[in-house]
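Inspection log for the structure reproduced underneath, given as structure tokens.
Numbering (the numbering used here), first residue to last: 4 to 47.
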């Protein structure tokens with residue numbers, strides 16, 4: 004089993020539709036884990 008690491012908790016916050024897109028820290032965390040997942044998949 005593989006576990007992909009990230010920089011912080013993998014979540015974004017928002018009350019209304021689209022609010023998560025302005026959560027800069029949360030979006031940066033999602034981008035980071037996405038890059039880490041892509042790197043792992045390329046290694047397989």
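Glycine residues also receive a C-beta, built at the ideal position from the N, C-alpha and C atoms.
Note that the coordinates shown come from a computational prediction; the quantities given were computed from them, not determined experimentally.
key: Closest by C-alpha distance to residue 13, when choosing among 46, 45, 36   = When only C-alpha atoms are compared, the closest one is 36.
inquiry  = Looking only at its chain, what residues have a beta carbon closer than 8 Å to the beta carbon of residue 7, apart from the 5 residues adjacent to it on each side?
reply    = Non-local C-beta neighbours of residue 7 in its own chain, meaning closer than 8 Å and more than five positions away in sequence, comprise 36, 39, 40, 43, ordered along the chain.
ask   = Roughly how many whole angstroms lie between the Cα atoms of residue 10 and residue 32?
value = The alpha-carbon separation between residue 10 and residue 32 amounts to approximately 6 Å.
ask   = With a CB to CB cut of under 8 Å and the five nearest residues on each side skipped, what residues in its chain are close to residue 16?
value = If we look at residue 16 and ignore the five residues flanking it on each side, its Cβ neighbours are 22, 23, 26, 29.
message = For residue 5 and residue 47, I'd like the C-alpha separation in whole angstroms.
response = One alpha carbon belongs to residue 5, the other to residue 47, and they sit about 11 Å apart.
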